[in-house]
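*Asks:* Next up is a structure, given as structure tokens.
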Amino acid sequence: SRTRTFGGQTCARRRAGTLGARVPGDEKVKATMDRRILLPLGMGFVSGLVIMMGVNHLKQKAKQRDEAPRKRALSAGDIRPPFPAPVVKLLDSASLCYLSTTHGGAPHLSLMHFTYVQHEELIVFTTRRNTLKHRNLVKSPDVAILIHDFPGLTSEGQVLDGEGGEKTYSRTYAVTLYGRAYVLEEGSDSERLREKHLARQPESAVFIKGDDIAVVTVLIHTARLCDSADKVTEWSSTGQ
Numbered sequence: 055s056r057t058r059t060f061g062g063q064t065c066a067r068r069r070a071g072t073l074g075a076r077v078p079g080d081e082k083v084k085a086t087m088d089r090r091i092l093l094p095l096g097m098g099f100v101s102g103l104v105i106m107m108g109v110n111h112l113k114q115k116a117k118q119r120d121e122a123p124r125k126r127a128l129s130a131g132d133i134r135p136p137f138p139a140p141v142v143k144l145l146d147s148a149s150l151c152y153l154s155t156t157h158g159g160a161p162h163l164s165l166m167h168f169t170y171v172q173h174e175e176l177i178v179f180t181t182r183r184n185t186l187k188h189r190n191l192v193k194s195p196d197v198a199i200l201i202h203d204f205p206g207l208t209s210e211g212q213v214l215d216g217e218g219g220e221k222t223y224s225r226t227y228a229v230t231l232y233g234r235a236y237v238l239e240e241g242s243d244s245e246r247l248r249e250k251h252l253a254r255q256p257e258s259a260v261f262i263k264g265d266d267i268a269v270v271t272v273l274i275h276t277a278r279l280c281d282s283a284d285k286v287t288e289w290s291s292t293g294q
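Take a look at the structure:
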């Protein structure tokens, strides 16, 4: 029988190709296509893995940055300018403050017993963990604290200050402190500060010791003093 050729291949070979027979070069084409498909997939997987590792690294660094102030808040090793004398005097003499917290744009104000630990430049107070105040401190730790040297009042409402009953005010009228609060984990540091707070505020033991009561420290970074003459003085932990 006669066999016609077309382009160097016989009709029989062409017919065989259409019937599924292996034609030379098919495996090379298939391998090339596989590489073109698998290579981008592999590169995408590696890129995703690198991105995940980078994100985890950034999260770890952020956690370390967040924990660093907490450690400094429990140490007197920080080189910080001391509070001005009027602030120290007020913090030593006062026992109540107004604590302002916020979360999601909603402010919350609390009346708190506090203790000033001078050698660590810390404000210490306690709070139950099931309160709105505690939730705010965990989610938004930036706080403001207002302390006022309220003069004593007689039953008639007259202002008294001092043993002689003179109607005078002290030179520091009010101080607003701005800082970052740290809800301490259970441990030796929190118990040490709890005992200091209890020794300073024994009448408030029910708010200091008990189940599910957390110790909170505030590391102050800025203070604003206002005296009875409406003179405002500022202090910064950076000394500026």
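Numbering (the numbering used here), first residue to last: 55 to 294. Yeah, the Cβ is synthetic: ideal placement off N, Cα and C, and Gly gets one too. Predicted, not measured: the structure shown is a model, and the values here were computed from it.
Does the pairing of the segment 256 to 264 with the segment 282 to 292 give three or more beta-carbon distances under 8 Å?
*Replies:* no
*Asks:* Does the beta-carbon of phenylalanine 99 have 16 or more other beta-carbons within 10 angstroms, so that it is buried, or is it exposed?
*Replies:* exposed
*Asks:* Our contact map puts serine 244 next to valine 197 with C-beta atoms below 8 Å; I'd like the distance itself, whole angstroms only.
*Replies:* Rounded, the Cβ-Cβ distance is 18 Å, inconsistent with contact.
*Asks:* If you follow the alpha helix (DSSP H) that leucine 200 is in, where does it begin and where does it stop?
*Replies:* That residue, leucine 200, is in no alpha helix (DSSP H); its beta strand (DSSP E) goes 196 to 202.
*Asks:* Could you name the residues of the same chain whose beta carbon sits closer than 7 Å to that of alanine 283, not counting the 5 residues immediately before and after it, in chain order?
*Replies:* none
*Asks:* Which of the three DSSP states is assigned to leucine 165 in this structure?
*Replies:* Note: leucine 165 maps to strand in three-state DSSP.
*Asks:* Report buried or exposed for glycine 158, applying the criterion of at least 16 other Cβ atoms within 10 angstroms of its Cβ.
*Replies:* exposed
*Asks:* Serine 154 lies in the alpha helix (DSSP H); which residues open and close that run?
*Replies:* No alpha helix (DSSP H) holds serine 154; the beta strand (DSSP E) holding it covers 150 to 157.
*Asks:* Specify the secondary structure class of leucine 176 as computed by DSSP and reduced to three states.
*Replies:* strand
*Asks:* Since alanine 268 and threonine 156 are thought to touch, with beta carbons under 8 Å apart, how far apart are those beta carbons, to the nearest angstrom?
*Replies:* Actually they do not touch by this definition, with Cβ atoms about 19 Å apart.
*Asks:* Does the Cβ-Cβ distance between isoleucine 199 and threonine 230 come in under 9 Å?
*Replies:* yes
*Asks:* Just to confirm before moving on: does the CB-CB distance between serine 247 and valine 171 stay below 9 Å?
*Replies:* It is worth fixing the name first, because residue 247 is leucine in this sequence and not serine. A distance below 9 Å separates the beta carbons of leucine 247 and valine 171.
*Asks:* Measuring straight from C-alpha to C-alpha, what distance separates cysteine 280 and leucine 176?
*Replies:* 21 Å
*Asks:* Which residue comes first and which comes last in the beta strand (DSSP E) that contains arginine 278?
*Replies:* 267 to 281
*Asks:* Is DSSP giving glutamate 249 helix, strand or coil here?
*Replies:* helix
*Asks:* I'd like the span of the beta strand (DSSP E) that includes serine 290, first residue to last.
*Replies:* 286 to 290
*Asks:* Would you please state the rounded distance, in angstroms, between the beta carbons of threonine 169 and lysine 250? I believe it to be under 8 Å.
*Replies:* 6 Å
*Asks:* In terms of residue numbering, what span does the alpha helix (DSSP H) encompassing proline 140 cover?
*Replies:* 139 to 147
*Asks:* Using a Cβ-Cβ distance under 9 Å, would glycine 108 count as near chain B?
*Replies:* Included in the structure is just one protein chain, with no chain B present.
*Asks:* Mapping DSSP to helix, strand and coil, what is glycine 264?
*Replies:* coil
*Asks:* By the 10 Å Cβ neighbour count, where 16 or more other Cβ atoms means buried, how is valine 178 classified, buried or exposed?
*Replies:* buried
*Asks:* For methionine 106, does the count of other Cβ atoms within 10 angstroms reach 16, so buried, or fall short, so exposed?
*Replies:* Classification for methionine 106: exposed.
*Asks:* Can you find the residues in the same chain that come closer than 6 Å, C-beta to C-beta, to histidine 188, ignoring five residues on each side of it along the sequence?
*Replies:* Excluding sequence neighbours, histidine 188 sits near Thr181.
*Asks:* In this structure, what does DSSP give as the bridge partners for tyrosine 236?
*Replies:* Thr271
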